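Asker:
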Ligand code: 9MR
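Numbering (this note's numbering), first residue to last: 1 to 375.
1) Return the residue from the list 210, 171, 243 that minimises the CA-CA distance to residue 224.
2) Closest to residue 350 by C-alpha separation, out of 101, 156, 340, would be which residue?
3) Restricting to Cα atoms, I'd like to know which of 352, 296, 140 is closest to residue 287.
4) Report the residue from 357, 113, 370, 202 whose alpha carbon sits nearest the alpha carbon of residue 247.
5) Could you check if residue 63 belongs to the surroundings of the ligand 9MR, using beta carbon to heavy atom distance under 6 Å?
6) Tell me, which residues are paired with residue 28 by DSSP?
7) Quick check on DSSP: helix, strand or coil for residue 97?
8) Could you check whether the segment 110–129 touches the segment 167–182, counting it as contact only if at least three pairs of C-beta atoms, one from each stretch, sit closer than 8 Å?
9) Could you check how far apart the C-beta atoms of residue 92 and residue 149 are, in whole angstroms? I think they sit under 8 Å.
10) Quick check: does the Cβ of residue 263 come within less than 6 Å of any heavy atom belonging to the ligand 9MR?
11) Quick check: what's the CA-CA separation for residue 48 versus residue 74?
12) Does the segment 232–242 come close enough to the segment 271–284 that 3 or more CB-CB pairs lie under 8 Å?
13) Whole angstroms are fine: how far does the CA of residue 222 sit from the CA of residue 26?
14) Cβ of residue 135 within 6 Å of any heavy atom in the ligand 9MR?
15) So, for residue 254: in the same chain, excluding its five sequence neighbours on each side, which residues have a beta-carbon less than 8 Å away from its beta-carbon?
16) Considering only their Cβ atoms, is the gap separating residue 284 from residue 335 smaller than 7 Å?
17) If I'm right that residue 76 touches residue 103 with Cβ under 8 Å, what's the distance once you round it to whole angstroms?
18) Can you name the residues that DSSP bridges to residue 162?
19) With hydrogens ignored, establish whether the beta-carbon of residue 120 is closer than 6 Å to any heavy atom of the ligand 9MR.
20) May I have the straight-line CA-CA distance separating residue 368 from residue 60, to the nearest angstrom?
21) What residues in its chain sit with their C-beta under 7 Å from that of residue 136, if we drop five residues either side in the sequence?
22) Restricting to runs no shorter than 4 residues, where is the alpha helix (DSSP H) found entirely within the segment 42–85?
23) Out of curiosity, what's the CA-to-CA distance linking residue 296 and residue 34?
24) Where do the ends of the alpha helix (DSSP H) carrying residue 251 lie?
25) What residues in its chain sit with their C-beta under 7 Å from that of residue 348, if we drop five residues either side in the sequence?
26) Give the DSSP-derived three-state secondary structure of residue 129 in the structure shown.
27) When every heavy atom of the ligand 9MR is checked, does at least one fall within less than 6 Å of the C-beta of residue 78?
28) For residue 14 and residue 24, I'd like the C-alpha separation in whole angstroms.
29) Just to confirm before moving on: does the CB-CB distance between residue 115 and residue 83 stay below 7 Å?
30) State buried or exposed for residue 166, treating a residue as buried only when at least 16 other CB atoms are found within 10 Å of its CB.
31) Taking the beta carbon of residue 294 as the centre, do at least 16 other beta carbons fall within 10 Å, making it buried, or is it exposed?
32) When you compare only the Cα positions, how much space is there between residue 315 and residue 29?
33) What are the boundary residues of the alpha helix (DSSP H) that residue 37 is part of?
34) Ignoring anything shorter than 4 residues, give me the alpha helix (DSSP H) runs that lie fully in the segment 140–204, in order along the chain.
35) To the nearest angstrom, how far is it from the Cα of residue 281 to the Cα of residue 303?
36) Our contact map puts residue 159 next to residue 210 with C-beta atoms below 8 Å; I'd like the distance itself, whole angstroms only.
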């Protein structure tokens, strides 16, 4: 090797060393030299998080810089739900949703819509008519108007919608809600999926290119719930309902059984026998780590718990990359920006994410960043 080539090799080696050291020494998720989750997983899936529009107010803030650095898909945590967008029959509030979609477009980020119909955070006016319970006919019309108005407004812009959220109950049956009770078996075909079908058909008519998702929790952790969802979606697909995919919320726990999750994903993957291009999205991921002493005081995680958290995340991300390689998954979303922003913090502190409070990077963040390169 000539003198010049040797110098060149040394310079390149030094630069590589500097870059990798820089990444490992990055302290915060918004640091210039911090590696990016979205970048690390670009060959597998988009990586996103749930935000609130106040996170977009200050371009110098850690949350704003973290969003741009780490994520390439986003969803609103609360501001695109029925109570926020459609508080009374004649009132739509689109200001925050508009601000969110504009921000995403300006920054090449894919926005999701969460959620068109839900039993929770849903105003009561939907179900009332002059003080009485509304009729099925009127409620069907209200569902159509609600879905059509919102989806048409963001036609071609919001690429993926949670059309309905949490319609399967914890008992494995269709959830009993005002929607299922009032609309009931409207078409007389023996099932009560009619409110769901109405919402999907209206969403598809409003934006034929949008991805329409049926979203729920515990699909990954409960085989009975996965089977119930399988049966419901199978019936609706056979009836021609335009469902494009399943949303797995993935509110999981430290030490979650990843082998069981893999099996539950495969139960729902069998829907591809009916719809070959059916997709999955991970829509609300977090990994809870409640930690209290016997007196109910918050205490820090032990080293063993932290290691278990890292291992469970590694196994989970390997499973998610497998699903991506099967062509089933192209988007995962964390339900919050960092530990301090999670809905799981209440009376008890929680540490569910890869990014800690104050946007500090945990060691497991780097494990997850390194994973795709190791496959
Ligand atoms: O994170 C949301 C929290 O701020 C709200 O108070 C709560 C109200 O129900 O909804 C939370 O988000 C939920 C999501 O919309 C649907 N799946 C479960 C999420 C966590 O509860």
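Backbone N, C-alpha and C fix where the C-beta goes; we use that ideal spot for every residue, glycine too.
Everything numeric in this text was worked out from a predicted model, so none of it was measured.
Answerer: The structure says:
1) 171
2) 340
3) Here the closest residue by C-alpha is 352.
4) In terms of CA proximity to residue 247, 113 leads the group 357, 113, 370, 202.
5) no
6) DSSP, once it has assigned bridges, lists 360 as partnering residue 28.
7) Judged by DSSP in its simplified three-state form, residue 97 adopts helix.
8) yes
9) Their Cβ separation, rounded to whole angstroms, is 6 Å, which keeps residue 92 and residue 149 in contact under 8 Å.
10) no
11) If I take the Cα positions, the gap works out to 5 Å.
12) yes
13) 38 Å
14) no
15) 287, 288, 289, 305, 308, 309, 312
16) Contact: yes.
17) Not a contact, Cβ separation roughly 11 Å.
18) 114, 213
19) yes
20) 26 Å
21) These residues qualify, in order along the chain: 182, 183, 184, 186.
22) 62–70, 82–85
23) 36 Å
24) Per DSSP, residue 251 belongs to no alpha helix (DSSP H); it is in the beta strand (DSSP E), 251–253.
25) 290, 292, 298
26) strand
27) yes
28) Confidence is the limiting factor: at residue 14 the pLDDT is only 48, short of 50, which leaves the residue's position unreliable and the question unanswerable from this model.
29) no
30) Residue 166 counts as buried, since no fewer than 16 other beta carbons sit within 10 angstroms of its beta carbon.
31) exposed
32) 22 Å
33) 37–40
34) 178–183
35) 32 Å
36) Sure, about 6 Å apart at Cβ, within 8 Å.
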